[in-house]
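Let me begin by presenting the structure, written as C-alpha cells, before commenting on it.
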Ligand SMILES: CC(C)(COP(=O)(O)OP(=O)(O)OC[C@H]1O[C@@H](n2cnc3c(N)ncnc32)[C@H](O)[C@@H]1OP(=O)(O)O)[C@@H](O)C(=O)NCCC(=O)NCCS
C-alpha cells in the first residue's frame, strides 16, 4: 500500500475508501480496472487516454484500486468527465458516486462553471450515476446556441462524442 500511495495525494477518506490522485507514472496499475469495465473501441481508447490525460483519480479500498475517473479541462470554464469505472464486485455501493463527487469538487476548485460527460444511450448504470448528481441531457442544438456551432463542434471533438452517445451537463454555479 505504501508503494501504491507514494506520490499520490489523499483527497477524501472515510472508514475504508480513499479517493486519491494518480500521477502518470503510476497509472499502469489501473489498467486492469479498464479491462474489466470496457471492451472494443472504448477499452483501447481508455487505455490510451489514461496514460496522458491531465487528471486521474482512483478509489482505493484497503489499498487496492476499485474505481477510477479520468478528468480533463476543456477550457478555462468547462470540465469533462472522460471516463468513470468501478470494479464489477464494487458496483452499486456508492463508489462511482464518490468518484463523481470528487470530480465535481476538483473542477469546482479549478474555478470551472460547468462539467460535461457523455454516456452510451443504453448504459443505464452510467446514466443513473450522472442523473444522481444532477447532470441533464443536452443536445448539439442547445450547445450551439450557447457556444456557437464552430466552438460546439470543437468541444464535441475534444470530448470524442461518438454516435450512440448522449451528452450530459451539470452547472457548477
Ligand atoms: C457506471 C458505473 C461507474 C457506476 O458505478 P457505481 O459504483 O455502481 O455507482 P453508485 O453505486 O455510486 O451509484 C450511483 C447511482 O447510480 C445508480 N446505479 C448504479 N448502477 C445502476 C444500475 N446498474 N442500474 C440502475 N441504477 C444504477 C445507483 O442506484 C445510484 O443512484 P442513487 O444515488 O440515486 O441511489 C459502473 O456501473 C461501471 O463501472 N460501469 C462500467 C463502465 C462504464 O460504463 N462507465 C461509464 C461510462 S465512462
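Numbering (the numbering used here), first residue to last: 1 to 173.
Note that beta-carbon positions come from the ideal geometry of N, C-alpha and C, so glycine has one too.
Give the range of the alpha helix (DSSP H) segment to which residue i is assigned.
i           : result
residue 32  : 31 to 37
residue 165 : From DSSP, residue 165 is part of no alpha helix (DSSP H) but of the beta strand (DSSP E) over 165 to 171.
residue 150 : 149 to 159
Can you tell me where the beta strand (DSSP E) with residue i in it begins and where it stops?
i           : result
residue 17  : 17 to 21
residue 136 : 136 to 138
Taking all protein chains shown into account, do 16 or more other C-beta atoms lie within 10 angstroms of the C-beta of residue i, making it buried, or fewer, making it exposed?
i           : result
residue 151 : exposed
residue 139 : exposed
residue 24  : exposed
residue 117 : buried
residue 167 : buried
residue 79  : buried
residue 62  : exposed
Between the Cα of residue i and those of the options, spot the shortest distance and give me the residue it belongs to.
i           : options          : result
residue 120 : 84, 30, 73, 28   : 84
residue 56  : 37, 158, 103     : 103
residue 82  : 171, 172, 162    : 162
residue 32  : 159, 172, 67     : 67
residue 134 : 72, 172, 77      : 172
residue 70  : 132, 59, 170     : 59
residue 109 : 77, 39, 129      : 77
residue 20  : 43, 144, 48, 106 : 106
residue 184 : 144, 30, 75, 124 : The question about residue 184 has no answer, for the chain in this structure spans 1 to 173.
(request) Run through the segment 46 to 130 for me and flag every whole beta strand (DSSP E) of 3 or more residues, listed as ranges in chain order. (result) 55 to 61, 64 to 73, 78 to 86, 114 to 120
(request) Please write down, chain order preserved, every residue whose beta carbon lies under 6 Å from a heavy atom of ligand 1. (result) 37, 83, 84, 85, 86, 91, 92, 93, 94, 95, 96, 97, 119, 123, 124, 125, 126, 128, 129, 132
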